[in-house]
Structures are given as structure tokens and as C-alpha cells.
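**Q** Line by line, the protein sequences are chains A and B. Everything in the first sequence is counted per the numbering used here, starting at 1 for the first residue and increasing by one. Everything in the second sequence is counted per the numbering used here, starting at 341 for the first residue and increasing by one. What follows is a structure written as C-alpha cells; I'll ask about it next.
Protein chains: 2
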Amino acid sequence: MKALSKPKPVTIYEVARHAGVSIATVSRALRDSTLVTEATRARVRAAVEELNFTPNQLGRSLAEGRHAANGIVFPDLVGPYYAEVVLGYEEVASELGRSVLILATSGRRDATAAVLDLARRVDGMAIIANAVPDDVVTDIAATGLPVVLLARQPVRGIDTIRTRNDRTAAELAAHLAAHGHRRITFLGDPDRSSDVAGRLAGLRTGLRAAGLPEPAAVRCALDVAAGEAAAIELLAGSDRPDAVVCANDEVALGARLAAEAAGLRVPEDLAVTGWDDVLAARFTGLTTVRQPMRDLGAVSARWLHHRITERTTDGTPVPARRRVLPTRLVVRRSCGCPAS
Amino acid sequence: MKALSKPKPVTIYEVARHAGVSIATVSRALRDSTLVTEATRARVRAAVEELNFTPNQLGRSLAEGRHAANGIVFPDLVGPYYAEVVLGYEEVASELGRSVLILATSGRRDATAAVLDLARRVDGMAIIANAVPDDVVTDIAATGLPVVLLARQPVRGIDTIRTRNDRTAAELAAHLAAHGHRRITFLGDPDRSSDVAGRLAGLRTGLRAAGLPEPAAVRCALDVAAGEAAAIELLAGSDRPDAVVCANDEVALGARLAAEAAGLRVPEDLAVTGWDDVLAARFTGLTTVRQPMRDLGAVSARWLHHRITERTTDGTPVPARRRVLPTRLVVRRSCGCPAS
DNA sequence: TTGAAAGCGATACCAA
DNA sequence: TTGGTATCGCTTTCAA
Chain A
1 MKALSKPKPV TIYEVARHAG VSIATVSRAL RDSTLVTEAT RARVRAAVEE LNFTPNQLGR
61 SLAEGRHAAN GIVFPDLVGP YYAEVVLGYE EVASELGRSV LILATSGRRD ATAAVLDLAR
121 RVDGMAIIAN AVPDDVVTDI AATGLPVVLL ARQPVRGIDT IRTRNDRTAA ELAAHLAAHG
181 HRRITFLGDP DRSSDVAGRL AGLRTGLRAA GLPEPAAVRC ALDVAAGEAA AIELLAGSDR
241 PDAVVCANDE VALGARLAAE AAGLRVPEDL AVTGWDDVLA ARFTGLTTVR QPMRDLGAVS
301 ARWLHHRITE RTTDGTPVPA RRRVLPTRLV VRRSCGCPAS
Chain B
341 MKALSKPKPV TIYEVARHAG VSIATVSRAL RDSTLVTEAT RARVRAAVEE LNFTPNQLGR
401 SLAEGRHAAN GIVFPDLVGP YYAEVVLGYE EVASELGRSV LILATSGRRD ATAAVLDLAR
461 RVDGMAIIAN AVPDDVVTDI AATGLPVVLL ARQPVRGIDT IRTRNDRTAA ELAAHLAAHG
521 HRRITFLGDP DRSSDVAGRL AGLRTGLRAA GLPEPAAVRC ALDVAAGEAA AIELLAGSDR
581 PDAVVCANDE VALGARLAAE AAGLRVPEDL AVTGWDDVLA ARFTGLTTVR QPMRDLGAVS
641 ARWLHHRITE RTTDGTPVPA RRRVLPTRLV VRRSCGCPAS
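Below is the structure:
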């Protein structure tokens, strides 16, 4: 063992010298097939083996003018929601030979700077929900960097993929109405998420169609504690609802805790529904809505790849794409249905 | 608008020309403070503004000889476990000014190649559990690339961080023994995860200490379906246990389903415990063990950063570090304790 | 089929 | 304090 301090990186030059060829030939041998004799290719391979050469990705990328990497930006990874999206994204991206850089923006003051930094390291990026403000999104897209938006209000000229909120929420409303629930309250903040806004809008539509009064809406964050706190206050009020439709499952679970604490039975005294169908929903009989989160990530990775590769063959600007993935009402006990 | 086809990247050269200085000065103005007049700095800044210049990260990294990026490798992101680890890792890494590349190896044939590719794109990487085989780990570490192992059997010469399995599992065993459970079976595969192996070992130790017989061990994967299937078979057998200790919460939830299907009450007829304390555990009264997953990621990011930065000042090779983070038994109903 | 050499876009050393 | 220029490691014409 020599000095461990500097593991002396092996470059293409050494390989070339070792194989008795030029660096150009080494480069070719390592990628093209046609332009190199099988004999020389073998010599190069041998040298590569012997020297344990591994091409420097930076040099390569710089020369090729591409990163061969994609980014994905999300608020955080709390709860299974975003994690699933990221997983679907990663799977497809790496199938397509691209590395994946992640960035969580929640709770950091320099989110914008971080996203701009990310933009310098990738050939395209997906942005989930409200991870970054609109103007940053448009700024980045204006750079020419391919961007795809997920679970977020579309921005002009940018590809967007969402999951169905309105229609399924309306369906949920009809279902609750059929159960005889009349005084329905929505728990969640429509101003902080376009998904939540869509769910509330759908709920409104559905209730109206059922001839029921407008639902009240109580703002709260998307976690158990927030849902519990909001529900405690709500249930202590004079005009207690007979059903709460929650923006997601965590909130619903929190609402349930509040109901228990208030001595109310679910669903007899208070129906509760969620959204996302997390594991806990299944095991607590929570009626909810399932969405194809993995697909959301997968599709976005695929779209991004198209954008990235198409942009080399510059033709007419391909118009922005939109897609809404289907969601499905999952009926369990908490809405008033008999235990299955 | 001109041709949108080639957004013509703005380089440091244009900025230099625009500001009437050399590229060296531009570079300085954008980083050092001392070596540039405030006046010239202003001119450079103006040019940067006007041209909307953004430095190319590849050029920069190549020149600096570093990626300013870290990798993290995990089997998958299913369940909250790895997601939390990744989140903790990302948070610290980006605080330290490093980007984060992720790689999921589960269910891909070319896992090794993918990890090696990742190794070319980062200054260091964390590897979780059995995401990649030992020999690959040592190969990468031999490269000189800083590596830290998480929730995994230590490898000679490599930093490793784990969470406490044995001791807490023994504690759990004692708790179950105190409940009067005597015939205890373990559900999980100790051969596929050092965490699982540690939990089983701890269970053994604890039961022995309590004067109870050796636990049976039934192998199964770490998801609900696997747990359910394994438990169905187990409970159908002639020598039914009175408690099953599961390798994680998902398995425990599956076991519970099996118990219900078999007409057994939990915990009266069968006690069930899990590991991880996922959300569903809390809401189903599952006795389990909580681990600091976020910390696991955070600490590893910090260690990695040390390794990466220390290696410039080459001195004596710092010996590999080891750390075991504490875990905590969370007692709920499923072990036999009264509902709290 | 192969080699020489010109980039790719920054950093940083050496002079001035 | 500034400019000129070598350098990082690779890809890719252009000739031979």
C-alpha cells in the first residue's frame, strides 16, 4: 500500500497509453461499436480492466452537454404520498438511464435558490404540488429546462399531471348523502393545495346535486395533529356536523381521535372520510379515495424524458400536455357502511 | 422571440465580454470577495443580471474536482421507513450544500451497475440495509469514495450506523413474558436483513433470560401480504403460539388479519407485536418499537460530509466509526396491555 | 479504422 | 487587483 491519501484517479489518457492507442479510440471503444476493430477494442478493454478505469461522469457530461439526470422537487416525504410518487419516478427515470436528484423544500427559507441550483444539475425536473411558487416555476421553464408539474394547478405552457379530485369527491358526496348525512363539513385548506381545492370543489358540486346545503370548510394542515385540533374545535361548536370530509387520511385520523375524545361514535354519530388510502386507512376502516401515486411519478418521468430528448430535434414547439389520472372511492366503515 | 430551439447557453465568456473584463475576473467576482474591486464586481453583477447568466455546474464541478452531491441507496421507498431516512439525509445534506441523488435497487437486475454509476456522480454515498451486496460495497469503498452504511451489518473499514435491535427486542421479550405469554413465534426473515436478525437474536436472549423456550421463527418478507400468509399457515398448525413477534409493523398487521380470519382475538387469544411504529400501528393499538429513522439519515449525511471534507487534508486514515441509535418500546394493546 | 486536436464551461495559478 | 492561460476528463469532428 502506498499513500492512501490520493487514490490518483485513472483517466482515459492512462488507458490510452496502456493500450497503445489514442484517447479517441478509447472513448470509441467504450461506446460506439462500429468504429473500432474488435482487436483494439479488446486491448482497450484489457487496459480498462487492469487499471480499473471508470470514466469520469463530469468530463463526459460536460463534453456531451447533458447531465443524464432528472430532478424531482416535493414539499417533504412525510406520509406515503410523496414517497410513492418519487419511487415511481425513480423507477422509470433510471430505466431510461437517468439519475434522479431529489429536493425537499418544506421548511427551508432558501427553497427558491435550492430549486435553481437543482436546475443546473439536471436535464429536466418534476415539481410536485406547492413545492415552489409559480413564478419560480415559470422562471425555470423559461430557461428552456423541461419541467413537468404534478398534482398542481397547471401553469401555461407546462406539462401537468394530476389525479382526479372533483369527480370522485362529488361521488363521495353522493355516497354520504345516500347515507342520510346532511350537515357536512370539509377539513383542509383549499388555498394551500390545488388538490385540496379540487376535493372541496367536487364536494360542493356533489352536495348541491344531492340537494344538500353548502358544506362548511374548516382550514387545517394535512397532518394528524392539525386534523385533530381542527375537529376538536369543530365538534365543540353548537352546530356539529354529522359528517366530516377530510382533505387526506391523516386529517381524517385526527378527526377520529377528536370524535372519540368527544364521546362520539364513528360513523353512528359522526361519519369521517379521508383521501389517499394510506395503510392506516385500510386498518381502521376509513372510507377514503385511492390515487395512483406511483403512476403519477412514472408518467411524469416518461413525459420528461420525451421533452428532453425531443428538444434536440428542434421542430415546432410541442404544446403542453395535460393529464388527469383516475382515482377511486374506497368505501369502508367510517362513512356509515356496514363493516365488510 | 427568436428560435426557441437552442436557448443558447450563456457562458462566463459572454459575461466577461459584456462586463469588459476577463473570465478570471468574472469567476472571482462570483465567488471570492477580497480579490475584486467593488466597482468591477458591480459591473460583473450587472452583466450577469442582464444576460441572465447561470454558471454551468458541470464546468464548475469538473474544474473543482468535486460533485457537491451525495448519493443514497435503498431497496425501495415502500412504507414510511426508508422514506423517513431519505428525508433526514436530504435535509442535512442540502444544509451542507450538497445535492442528493437517490437510487432504489429493489427489483432490478442491474443493481450493481446502477450503484457503480451512482458512484461516478457523487462525492460519497450512504447505503441502506441490503440494497447492495457486500462485495459491491467494498469495491466502492476501495475506490476511495466515502461510504456510510445504514441499518446493515458493518463492513470492515466502513462507517456504520444502526438502530438498536437486540436490546429492545429483549425488552419486548421480557414484556411479553410478563404478560404470561410462553409460546412465542417470530415472523420475519433474519437472513435477508441484519435488522431482522438482530431483532430475532434479541428476542432469543430475552426469552432465555425469562426462562422461556426458544422462539420458533417463520420466515416471511416484510409486507402485509407476506405476514398474513405466514400467519395463516402458522395459526392453522397444531402448535399455535400465544404471541407472534413480527419483524415489522406491516407483517404484524398481516398477522392480525390472519388472526381475525381464524377467529382469534388479539391480544386475548394471540398477542401480536411489530416494529417501526408506522402510523397504522398507532391507530390499531399495535405494540411496537419506534426507531429514529430521520436521525439515521441525518447522522449519516453528517458523517459522510466529514469523510468527504477530511479526505482533502490527508493525514492518518481516520478509523471507521460505529454508532447504534436508541430505539424505544411502544406499548399498546396488542401485547395484552389494557387499552390506554 | 485510427489519431490529433478542438471544444465543453468553469477554476486557479502565474504574471503583470 | 486584473488578465492570460493551463487544466479538469471526456466527446467528437476532421484528416490521415
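Positions of the beta carbon are idealized from the N, C-alpha and C atoms, including for glycine. In this text the structure is predicted, and so the values were computed from the model without any measurement.
Answer with buried or exposed for Y353 of chain B, where buried requires no fewer than 16 other C-beta atoms within 10 angstroms of its C-beta.
**A** Around the beta carbon of Y353 of chain B, a 10 Å sphere encloses fewer than 16 other beta carbons of the protein chains shown; the residue is thus reported as exposed.
**Q** Output the distance between the C-alpha atoms of V15 of chain A and T40 of chain A, rounded to the nearest integer angstrom.
**A** 12 Å
**Q** Let's see if you can read the secondary structure: which residues bound the alpha helix (DSSP H) around A602 of chain B?
**A** Counting along the chain, A602 of chain B falls outside any alpha helix (DSSP H), and DSSP gives it neither H nor E.
**Q** For the segment 56-79 of chain A, enumerate the residues whose C-beta is nearer than 8 Å to any C-beta of chain B, in chain order.
**A** N56, Q57, L58, G59, S61, L62, H67, A69, D76, L77, V78, G79
**Q** Exposed or buried, R662 of chain B, counting other C-beta atoms within 10 Å across all chains shown (16 or more means buried)?
**A** exposed
**Q** Should R496 of chain B be flagged as near chain A, meaning a C-beta pair shorter than 8 Å?
**A** Taking Cβ atoms only, chain A never reaches closer than 8 Å to R496 of chain B, which makes this a no.
**Q** Drop a sphere of 10 angstroms on the beta-carbon of G227 of chain A, count the other beta-carbons inside from all chains shown, and report buried for 16 or more, exposed for fewer.
**A** buried
**Q** Do you know how far the Cα of V477 of chain B is from the Cα of L604 of chain B?
**A** 45 Å
**Q** Could you tell me which of A:L325, A:P319, A:M293 sits nearest to Y89 of chain A, measuring between CA atoms?
**A** A:M293
**Q** Pick from B:L593, B:S640, B:R368, B:A611: whose alpha carbon is nearest that of D617 of chain B?
**A** B:L593
**Q** Checking contacts by CB at 8 Å: is L264 of chain A closer than that to chain B?
**A** no
**Q** For the structure I just gave you, are there three or more beta carbon pairs, one from the segment 434-443 of chain B and one from the segment 451-465 of chain B, closer than 8 Å?
**A** Segments in contact, yes.
**Q** Can you tell which of A:S300, A:R282, A:A169, A:R328 has its C-alpha closest to the C-alpha of A247 of chain A?
**A** A:A169
**Q** Are the CB atoms of D325 of chain B and G551 of chain B nearer to each other than 8 Å?
**A** Summary: the structure shown does not reach residue 325 of chain B, with chain B confined to residues 341 through 680, and so no result is reported for it.
**Q** By a C-beta neighbour count over all protein chains shown, 10 Å radius and 16 as the cutoff for buried, is V73 of chain A buried or exposed?
**A** buried
**Q** Bridge partners for I498 of chain B per DSSP, in chain order?
**A** Its beta-bridge partners do not exist; DSSP assigns none.
**Q** How would you call T25 of chain A, buried or exposed, if buried means at least 16 neighbouring beta carbons within 10 angstroms?
**A** buried
**Q** Considering Cα atoms alone, identify which of B:A602, B:A466, B:A595, B:S533 is closest to A621 of chain B.
**A** For the options B:A602, B:A466, B:A595, B:S533, the alpha carbon positioned closest to that of A621 of chain B is the one of B:A595.
**Q** How about R120 of chain A: is its C-beta nearer than 8 Å to some C-beta of chain B?
**A** yes
**Q** Mind listing the chain A neighbours of S373 of chain B? Cutoff is C-beta to C-beta under 8 Å, in chain order.
**A** The premise fails here: S373 of chain B is roughly 18 Å from chain A at the closest Cβ pair, so nothing lies under 8 Å.
**Q** Indicate the three-state DSSP secondary structure (helix, strand or coil) for V426 of chain B in the structure shown.
**A** helix
**Q** Determine whether the Cβ of F393 of chain B lies closer than 8 Å to any Cβ atom of chain A.
**A** no
**Q** With DSSP as the reference, please indicate the residues paired to D616 of chain B in a beta bridge.
**A** B:R630
**Q** So which residues on chain A does E389 of chain B lean against when the C-beta distance must stay under 9 Å?
**A** Within chain A, no residue comes near E389 of chain B; the closest Cβ sits about 14 Å away, beyond 9 Å.
**Q** What residues match up with D147 of chain A in a beta bridge as DSSP calls it?
**A** The sequence shown places Val at residue 147 of chain A, rather than the Asp named in the question. V147 of chain A pairs with A:M125.
**Q** By the 8 Å beta-carbon criterion, what residues does the segment 423-445 of chain B contribute toward chain A?
**A** A423, E424, V426, L427, E430, E431, S434, S439, V440, L441, I442, L443, A444
**Q** Below 8 Å between beta carbons: does that hold for G297 of chain A and R332 of chain A?
**A** No, Cβ-Cβ distance for G297 of chain A and R332 of chain A is not below 8 Å.
**Q** Quick one: residues in its chain with C-beta nearer than 7 Å to the C-beta of S533 of chain B, no 5 flanking neighbours on either side, listed in chain order?
**A** A469, N470
**Q** Within 10 angstroms of the Cβ of A474 of chain B, are there 16 or more other Cβ atoms? Answer buried if so, exposed if not.
**A** According to the sequence as given, residue 474 of chain B is Asp; it is not Ala. Under this definition D474 of chain B is an exposed residue.
**Q** So with Cβ pairs under 8 Å, would you call T138 of chain A a contact of chain B?
**A** no
**Q** Decide yes or no for the touch test of the segment 520-529 of chain B against the segment 491-502 of chain B: beta carbon pairs closer than 8 Å, at least 3 of them.
**A** no
**Q** What number of angstroms, rounded off, separates the C-alpha of T652 of chain B from the C-alpha of V606 of chain B?
**A** Because the pLDDT of T652 of chain B is 48, which lies under 50, any placement of that residue in the model is unreliable, and the question is left without a value.
**Q** With DSSP as the reference, identify every bridge partner of R663 of chain B, one or two as the case may be.
**A** B:I501
**Q** Let's test the definition: count the other Cβ atoms within 10 Å of the Cβ of G497 of chain B and tell me whether it reaches 16, buried, or not, exposed.
**A** Around the beta-carbon of G497 of chain B, fewer than 16 other beta-carbon atoms lie within 10 Å, marking it exposed.
**Q** By the 10 Å Cβ neighbour count, where 16 or more other Cβ atoms means buried, how is R366 of chain A classified, buried or exposed?
**A** This structure does not reach residue 366 of chain A, given that chain A is present from 1 up to 340, and the question cannot be answered.
**Q** Output the residue ranges of the beta strand (DSSP E) runs that lie fully inside the segment 27-71 of chain A and measure 3 residues or longer, sorted by chain position.
**A** If you keep only unbroken beta strand (DSSP E) runs of at least 3 residues inside the segment 27-71 of chain A, you get nothing at all.
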